[in-house]
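> Straight run, no breaks: the sequence shown in UniProt numbering ends on number 209.
For each residue, glycine too, the CB sits at the ideal point set by N, CA and C.
Note that the structure is predicted; figures quoted are calculated from it, not measured.
Let me begin by handing over the structure; questions about it come next.
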Amino acid sequence: NREAKRLDVYGRKVYSTWGLQLHISNQQAIVSRYTYTTYSAMVKFMDMLPSDFHAKILALVEEGRLISRASLQAALDGADAATRVMATGVAMRRGSWLQVSGLPYEVQKTIQDLPFEGETLSSQKKLTKGLTALKTAEPPSGPSVSIHRQCSRDFSMRSLNGSVIRTAKMAPEREIGVAGEGRVNHLARARDNPSRLQGPNRPFEGACG
Numbered sequence: 001n002r003e004a005k006r007l008d009v010y011g012r013k014v015y016s017t018w019g020l021q022l023h024i025s026n027q028q029a030i031v032s033r034y035t036y037t038t039y040s041a042m043v044k045f046m047d048m049l050p051s052d053f054h055a056k057i058l059a060l061v062e063e064g065r066l067i068s069r070a071s072l073q074a075a076l077d078g079a080d081a082a083t084r085v086m087a088t089g090v091a092m093r094r095g096s097w098l099q100v101s102g103l104p105y106e107v108q109k110t111i112q113d114l115p116f117e118g119e120t121l122s123s124q125k126k127l128t129k130g131l132t133a134l135k136t137a138e139p140p141s142g143p144s145v146s147i148h149r150q151c152s153r154d155f156s157m158r159s160l161n162g163s164v165i166r167t168a169k170m171a172p173e174r175e176i177g178v179a180g181e182g183r184v185n186h187l188a189r190a191r192d193n194p195s196r197l198q199g200p201n202r203p204f205e206g207a208c209g
């Protein structure tokens, strides 16, 4: 599915780009806080200066505090915006995975509505509704079913029933395509060692664990 892969690549670029912006904003916040602390510490040395300069030093300190405070607020706003865009990138990649997962539409819609964090994360009501829809859905059939769709469904059903499904070896040769027996062996080894399929650049293969 080219459209899903393009969406995944775009979401990955969005996430990495704004992840860099988040690091930059964090560094700006550190520098701004250090500047504010430095200006505040200058008050301690006022007694060492002539009394004629006290008013000027106080004005300089207040001006420096004001500037550093504004810079700190801008850095915090930039970090907040970066995290929101990064969350959008995560949602894009999740949507691309759902497009090629082969899961029923009801399950896809339920997964898309799940929040990223908080007390309602994977709430029992939504989770039960999605798993029930998956359990009662008819499995896809026919030679056009891809190995990824079959792996995704077998993995989901294995999670529901708690049984061990030998996903790779059950896949018929005509569904595997050009890779043939080598692909079956690779998936069988990956089943025994799921970490072989995990990585930041391989988002579509984790469902075959």
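1) Pick helix, strand or coil for residue 26, following the three-state DSSP scheme.
2) I need the DSSP call for residue 19, collapsed to helix, strand or coil.
3) Distance check for residue 60 and residue 36, CA to CA, integer angstroms please.
4) Are residue 18 and residue 82 closer than 8 Å when you measure CB to CB?
5) Can you tell which of 46, 71, 58 and 22 has its C-alpha closest to the C-alpha of residue 32?
6) Between residue 78 and residue 25, is the Cβ-Cβ spacing less than 8 Å?
7) Where does the unbroken alpha helix (DSSP H) through residue 85 begin, and where does it stop?
8) At the level of alpha carbons, what is the spacing between residue 66 and residue 12?
9) Under the rule that 16 or more other beta-carbon atoms within 10 Å means buried, what is residue 27, buried or exposed?
10) Alpha carbons only, please: which of 85, 100 and 109 is nearest the one belonging to residue 20?
11) Comparing C-alpha positions only, which one of 29, 14, 64 and 56 sits nearest to residue 38?
12) Cβ of residue 46 within 8 Å of Cβ of residue 57?
13) What did DSSP end up calling residue 7 once you bin it into helix, strand or coil?
14) Could you check the C-alpha separation between residue 44 and residue 73 for me, to the nearest Å?
15) Does the beta-carbon distance from residue 4 to residue 99 come in below 8 Å?
16) When we look at the beta-carbon of residue 163 and count the other beta-carbons within 10 Å, is it buried (16 or more) or exposed?
The relevant details are as follows:
1) Looking up residue 26 in the sequence shown gives position 26. Correct three-state label for residue 26: helix.
2) By one-based count along the sequence shown, residue 19 stands at place 19. Note: residue 19 maps to helix in three-state DSSP.
3) For the purposes of this step, residue 36 is identified with residue 36 of the sequence shown, where counting begins at 1. For the purposes of this step, residue 60 is identified with residue 60 of the sequence shown, where counting begins at 1. Using only the alpha carbons, I get a separation of about 12 Å.
4) Here residue 18 refers to the residue found at position 18 when the sequence shown is read from its first residue. Here residue 82 refers to the residue found at position 82 when the sequence shown is read from its first residue. Going by C-beta atoms, residue 18 is nearer than 8 Å to residue 82.
5) Stepping through the sequence shown from its first residue, residue 32 is reached at position 32. Among 46, 71, 58 and 22, the Cα nearest to that of residue 32 belongs to 71.
6) Numbered from 1 along the sequence shown, position 78 holds the residue referred to as residue 78. Numbered from 1 along the sequence shown, position 25 holds the residue referred to as residue 25. Yes. Within cutoff.
7) Along the sequence shown, one-based indexing puts residue 85 at 85. Residue 85 -> alpha helix (DSSP H) spans 54-101.
8) Counting from 1 along the sequence shown, the entry for residue 66 is found at position 66. Counting from 1 along the sequence shown, the entry for residue 12 is found at position 12. C-alpha separation (whole angstroms): 38 Å.
9) Working through the sequence shown from its first residue, we reach residue 27 at position 27. It is exposed - the Cβ of residue 27 has fewer than 16 other Cβ atoms within 10 Å.
10) One-based indexing of the sequence shown puts residue 20 at position 20. It is 85 whose Cα lies nearest to the Cα of residue 20.
11) On the sequence shown, position 38 is the one that residue 38 refers to. Closest by alpha carbon: 64.
12) Here residue 46 refers to the residue found at position 46 when the sequence shown is read from its first residue. Here residue 57 refers to the residue found at position 57 when the sequence shown is read from its first residue. Yes, these two residues count as a Cβ contact at 8 Å.
13) As a position in the sequence shown, residue 7 is number 7, starting the count at 1. The answer is helix: DSSP assigns residue 7 an H, G or I state.
14) Your numbering for residue 44 matches position 44 in the sequence shown. Your numbering for residue 73 matches position 73 in the sequence shown. So the alpha carbons of these two residues sit roughly 26 Å apart.
15) The residue given as residue 4 occupies position 4 in the sequence shown. The residue given as residue 99 occupies position 99 in the sequence shown. Against a cut-off of 8 Å, the Cβ pair of residue 99 and residue 4 comes out as a contact.
16) Within the sequence shown, residue 163 is the residue found at index 163, counting from 1. Reliability of the predicted coordinates at residue 163 is poor, the pLDDT of 42 falling under 50, and no value is obtained from them.
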